[in-house]
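> Residue numbers (the numbering used here), protein chains in the order written: chain A, -9 to 303; chain B, 163 to 683; chain C, 340 to 703.
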Amino acid sequence: MNLAFFIDALITVVGVTTPILLAATGELVVEKSGVLNLGLEGMMLIGAVTGFAVTLNYGPDLGDWAPWFGVLAAALAGAASSMLFAVLVLTLGSNQVATGLALAIFGIGLSSLIGAGYVGMIVPSFDSVFPDRLASDPLWRVVFSYSPLVYFALIMVFAVGWFLNRTRAGLILRAVGENDLSAHSIGYPVIAIRYAAIAFGGALAGIGGAYFSMVITPMWAEQMTAGRGWIALALVVFSGWRAGRLLAGAYFFGVLMTLELYAKASGFSFLPSQFWAAMPYIAAVVALAVISAREVAGSEAPACLGRPFLPNS
Amino acid sequence: MNIEAPLRLKLAGVSKSFPGVRANDNVNLNVKPGEVHALLGENGAGKSTLVKMIYGILAPDEGEIVFDGSPTRISNPRAARRLGIGMVFQHFSLFEAMTVLENIALGLDARLSPRELLAEFTRVLEAYHLKLDPRRVVSTLSVGERQRIEIVRALLLDPKLLIMDEPTSVLTPQEVEQLFETLRKLATNGCSILYISHKLHEIVALCDTATILRGGKVVAHCDPKRETSRSMAEMMIGANLKEIAKPTSRSFGASKLSAQGLNLPKPSEFGVALQDVALEVRAGEIFGVAGVAGNGQNELLSAMSGETLAASPEAITLVGRQVGRLGVTERRTLGLCAVPEERNGHAAVGEFSLTDNGALTGRDRMEMVRFGLIDPGKATHYAAEVIGAYTVKATGPGALAGSLSGGNLQKFIMGREILQQPEALVVCQPTWGVDAGAAAAIHQAIVDLAARGSAVMVISQDLDELLTLCDTIAVINLGRLSAPMKVGEVSIEEIGLLMGGVHGDPAATVEMTEALHAHPA
Amino acid sequence: MRIRLEKRLTPSRFMQIATPIASVLLTMLLGAIIFQLIGFDGPRAIYETFITPVVASYKWQDVMTKAAPLIIIALGLSLGNQAKIWNIGAEGQYIIGALAGAGVAFALPNAQGFWVLSLMIAAGIVGGMAWAAIPAFLKIRYRVSEVLSTLMLVYVALQVLNYLVSGPWKDPNGHNFPQTPPFTPAQLLPHAIAGTDIPPGLIVAIVLTLVFWLLATRSVYGFSVRTVGAAPHAARYGGFDASRTVWSTLLISGGMAGLAGILEASSQLGQINLGFPSGYGFTAIIVSFLGRLHPVGVFLAGLILAVTYVGGQVAQTVVHVPSATAGIFQAMMLFFILASDILVRYRVRILRDAPRPATAEAVA
């Protein structure tokens, strides 16, 4: 194995990590506010198909800007679909597990419906952010050759970490997830804050989905997120609800998913390729067990996670 | 005090209704600047609803709130704080996993930098001689310290009116004295205090005036210094107080329920470990366990009822049988019934019918089960029997437990256990949050059960309740139970000291206090 | 005018029954509008999806065949959901159950007699249970949320299936398709009860509905499950062990999913291939909620969801809606039933604006 191979592998890792990192970063904020949105997979797919469709349809008019509009549309679509969940869970007090699941199923169906006409087409993707000299440098491409969404994802993790731990708004958001009744009695608008958190989570999930259809392939295929939304959910638990560990955990899963790609292409034939395909999921289960066993119960987990809040009942 | 100064707070004809309840009906109330004003009433009299409207958590249906002379509509707590209204909640509005300083910051609307906040915090602590470590995580603090956070939070606003909702229910008598110090000082500085309580001696000790609520209506304004506890109690309850009929000459039979060397580790991060607990309750005896909240009362109840198993069978003995390793159902079959403190969600399931709640504990002793199936007829019959025998106000056995008032549900729960004719009954906070009528009925039922030869153990934070009800009393502090004392031979001061943790061995107590409050590494 | 929610003193029986029906009707109405808007013949799509399978008798067997696995899986899930144990990986248990049963079949290629099938079915149940035992163990021992672990294991099960049908169990005479050899006649359930169109799976579903009805509404066990779900502390106080509930509900729901899997493999397909996972495990979650976790409700909801499966295919060929249509309708039904849940517990009051005191100012 030479350096070029190693760098290629690293670039692949960064690529496959980005969508789950985006989705998990959004979900981290949602869960910190005390809401469990299991619908990541659905929101990602809706984002994927919307981003793709908008880029394709407006590409000729917008030229280089088309992918950016696509991503914006994906974010809006993700946020819009998350509002469906939010209304049920926050305003109508429905069960969060079941509602999240409904959103996942709905997203899978809706994206297939919208995407039926787009199968097999290809969209133009982003231009490189950095000059070609850097982006195709044999060594420095490991830093400079990515889609802008990769850098965006990294910025978002740090921004969210800073927001949660260093800002007053972040403190209030955590307080709402920690004890909604107390936050309510002090006078914070619990429901409104949760709506905002869910919308943010939906937007990032949408962008994460768009990464599949606009950067990785770049084309639309039914259920192309292939369960990564669920991995992102596990990643949030795995991170212990901390942004720093979320980033590290995302790359851990990214490495495992890269192994799967490489196993299909070559190498690692001592184990069947299905083993490598199952690996991220097995690892997720094992990681959850290790994390849960080691940590004192609920150290960073929001105490109100998943509990409905109906103050006037 | 200048009589001519405008009133700090004036309520005129304030009313508020909830489905099926008129919580406040045409309430009028005046609070002068610098006055300590008691709001007195039974549980359910509408005190909490009233102050929630003053603090902007609820909106009144009718009426007017006048603050410092100008009519205002307080739409949320933030608006209340802007006016200078602070509130210390009965159930604290704290965030367990966050630090003291973060909790303080959340209670303030001003955007202060951490350093400014810390300076302000220190200033208030010094001004009122309070002690609190700003960096500690709330979950590691004692109840008294937690209350101090709430108070500091309110004091940082430089409040003109401070609302205290049942502040002393979780404090030792000594801590109560300390709190009163702080409040008197505040009042001297011109802050009005609206003090909610049903503890009459506190009101006599602290307050300048009192407003008494009953059934949502103001029944009297009075000067507590000119009233007796009894006269205020009668205004509060609206009837003459009923005495508990307790046989004067009492003899106790053989030991029915006892614990020996009962040790249990902390059930959770926030729990208390039981250490070497020993007790004995004889037939016909009512044994009281006093203590400040959070000193192992719930853990003791779980250990006795079988929800938590002891390490060895001999730790707990029930009518001559060693039951330390037997579970709830087995102990119940042998005649040990229990009533935990929390009604909704522990002693009863709010979203279940009374029939189902009857079957929850009564299914075996009342023979409702055949071939693994519950006989619905028998279950309904038993629930109806309890409702009838204890005059529970409910639409019938099909009513949801959660739809009953606190007092009625508690009567149902107590009745459900007592009608099972237990050899021994362990109850925790039998009359917590229950109106006086229901409390009297529950007390009478406990006395009658003991008179029939059962052993009864009452765990309560209400010292008055224990002193009227019990024959023997012991104090629990940090999971240790004191030696038993005969009621009538022991002074309140003595019990108070034990509640504060002065056992025979003060060194050990200090050590344990430190261990309990140590920072997690 | 303001809308106010008032908590009911007792949950409304009427709403418990009316809301699932309303959910189905609303889904039809909204579905028709949406499909009309996006350029299909909306009313026709709805008619073909929801009505054709009910009125066209030649579709009935199809509906019953699809309803059977849905009902069987959903019965198990409903029990767990009552205890607030969320097994959302029934699809995985369904796959592993089928594989376990198939494994027995391939180990006994020449055996004859009904006991072969019995053994296969037993293996199917055990396989599903074993797959569900992993999340149960992880939940009890390491407090891992079963929501995530059951789901992750679906993807692992898919890869196990993929590996077996394209590797060790691949049919040597299968033209290199990823599929197992066909079961022998002794390993196959009949397609229908003799003399009727009723598929045997539906008989199993009917019997199990009755069993679960007794279990859930009358037995001490069912009572314990409900209590654990409603109030864990009260359950412990009443002498019910939460760990045992976790174990038993996950094992029962896993076993039911496994049973559905092997019944499907040994009656419908007669082999296992890559197309075996059909989403029944996920749809059963919708069935369970639409049936309000009540066994009889689950039975009816299973029939309705089966109708949308069959009708979805009809609409696909007749109105040319995409294959995802049925999934969207199913998700819409779940949304509606969850949204209307609040009507069971609350009463909606529409209030005229009450006169406010003169000092009132606009709410910020």
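Backbone N, C-alpha and C fix where the C-beta goes; we use that ideal spot for every residue, glycine too. Since the model is a prediction, treat every value here as computed from it, not as a measurement.
Do C/Leu409 and C/Leu644 have their C-beta atoms closer together than 7 Å?
Result yes, Cβ atoms of C/Leu409 and C/Leu644 sit closer than 7 Å.
> For B/Lys172, write down the residues that DSSP places opposite it in a beta bridge.
Looking at the DSSP assignment, B/Lys172 forms a beta bridge with B/Asn192, B/Val228.
> Give a yes or no on whether the minimum CB-CB distance between A/Val286 and chain C is below 7 Å.
Unreliable placement is indicated for A/Val286, whose pLDDT of 48 sits below 50; the coordinate value is still reported in the next sentence. Not an interface residue.
> Would you check if there are 3 or more beta carbon pairs closer than 8 Å linking the segment 293 to 303 of chain B to the segment 220 to 232 of chain B?
Touching, no, given that fewer than three Cβ pairs across the two stretches are closer than 8 Å.
> With B/Arg525 as the anchor, note down where its beta strand (DSSP E) starts and where it stops.
No beta strand (DSSP E) contains B/Arg525, which DSSP labels as neither H nor E.
> Exposed or buried, what is B/Gly231 when buried is set at 16 or more other beta-carbons lying within 10 Å of its beta-carbon?
Exposed, by the Cβ-count rule.
> Any C-beta of chain C sitting closer than 7 Å to the C-beta of B/Thr523?
Interface residue, yes.
> Is C/Phe522 closer than 7 Å to C/Gly609 when the C-beta atoms are compared?
It is a contact, given that the beta carbons lie within the stated cut-off.
> Quick check on DSSP: helix, strand or coil for B/Val672?
Residue placement at B/Val672 cannot be trusted, given a pLDDT of 44 that sits under 50; the coordinates are not used to answer.
> Quick one: what's got a C-beta closer than 7 Å to B/Gly269's C-beta in the same chain, skipping five residues either side?
So the list reads Arg315, once near-sequence residues are dropped.
> Count the other CB atoms, across all protein chains shown, that sit within 10 Å of the CB of B/Asn519; report buried if there are 16 or more and exposed otherwise.
So B/Asn519 counts as buried.
> Return yes when the Cβ of B/Leu294 is within less than 7 Å of the Cβ of B/Arg310, no when it is not.
In contact: B/Arg310 and B/Leu294 (Cβ atoms closer than 7 Å).
> Cβ closer than 7 Å: which chain C residues qualify as neighbours of A/Ile98?
Near A/Ile98 (Cβ distances below 7 Å), the residues of chain C are Gly666.
> Nearest by alpha-carbon distance to B/Leu256: which of B/Gly306, B/Ala272, B/Asn238 is it?
When only C-alpha atoms are compared, the closest one is B/Gly306.
> Quick test of the definition: if touching needs 3 or more C-beta pairs under 8 Å, does the segment -4 to 6 of chain A touch the segment 153 to 168 of chain A?
Touching, no.
> Three or more C-beta pairs under 8 Å: does that hold for the segment 384 to 399 of chain B against the segment 359 to 367 of chain B?
In short, these stretches touch, since the Cβ pair count reaches three.
> Below 6 Å CB to CB, which residues in the same chain sit around B/Asp537 once its five sequence neighbours on both sides are set aside?
Met530, listed in sequence order.
> Short check: CB of C/Asp510 to CB of C/Gln498, under 7 Å?
No, these two residues do not count as a Cβ contact at 7 Å.
> Report the neighbours of C/Phe562 on chain B: residues whose CB is nearer than 9 Å to its CB, in chain order.
Within 9 Å Cβ-Cβ: Asp518, Ala521, Leu522, Arg525, Ile536.
> Alpha carbon to alpha carbon, how far is A/Pro270 from A/Glu250? Give it in angstroms, no decimals.
Roughly 9 Å between the two C-alpha positions.
> At 9 Å on the CB atoms, spell out the chain A contacts of C/Phe551, in chain order.
Under the 9 Å cutoff, chain A gives no residues; its nearest Cβ is about 20 Å from C/Phe551.
> Name the residues in the segment 344 to 370 of chain C whose C-beta lies less than 9 Å from a C-beta of chain B; which are they?
Taking 9 Å as the Cβ-Cβ cut-off against chain B, the residues of the segment 344 to 370 of chain C that qualify are Glu345, Lys346, Arg347, Leu348, Thr349, Pro350.
> Between which two residues does the alpha helix (DSSP H) containing B/Gln711 stretch?
Residue 711 of chain B lies beyond the range of chain B shown here (163 to 683); nothing can be said about it.
> Could you have a look at A/Leu(-7) and say whether DSSP puts it in helix, strand or coil?
If DSSP states are grouped into helix, strand and coil, A/Leu(-7) belongs with the helices.
> Check whether chain A comes within 7 Å of C/Phe453, counting only Cβ atoms and requiring the distance to be less than that.
Chain A contact via Cβ: absent.
> Compare the Cα-Cα distances from B/Leu607 to each of B/Gly458, B/Gln572, B/Ser515 and report the closest residue.
One detail in the question is off: residue 607 of chain B reads as Ala in this sequence, not Leu. Of the candidates B/Gly458, B/Gln572, B/Ser515, the one whose C-alpha sits nearest the C-alpha of B/Ala607 is B/Gln572.
> Using beta carbons (cut-off 7 Å, strictly below), is A/Thr7 in contact with chain C?
No, because no Cβ of chain C sits closer than 7 Å to the Cβ of A/Thr7.
> So which residues on chain A does C/Gly506 lean against when the C-beta distance must stay under 7 Å?
Correct list: Pro262.
> Look at the alpha carbon of B/Arg642 and the alpha carbon of B/Asn457, and state the distance between them as a whole number of angstroms.
Roughly 8 Å separates the two Cα atoms.
> So for B/Arg505, helix, strand or coil by DSSP?
B/Arg505 falls in the coil class under three-state DSSP.
> How far does the alpha helix (DSSP H) with C/Val363 in it extend, from its first residue to its last?
Where C/Val363 is concerned, the enclosing alpha helix (DSSP H) stretches over 352 to 376.
> With DSSP as the reference, label C/Ile424 as helix, strand or coil.
Looking at C/Ile424 - three-state DSSP - the assignment turns out to be coil, as it is neither helix nor strand.
> CA-CA distance, B/Leu171 and B/Ala636?
Computed Cα separation, rounded: 44 Å.
> Per DSSP, what kind of secondary structure is B/Leu220 in: helix, strand or coil?
It is coil, neither helix nor strand.
> Under 7 Å between C-beta atoms, does A/Tyr271 make it to chain C?
It does: the Cβ of A/Tyr271 has a partner Cβ on chain C nearer than 7 Å.
> Evaluate B/His383 with the Cβ neighbour count: other Cβ atoms within 10 Å of its Cβ, from every protein chain shown; 16 or more gives buried, anything less gives exposed.
With fewer than 16 Cβ atoms within 10 Å of its Cβ, B/His383 is classed as exposed.
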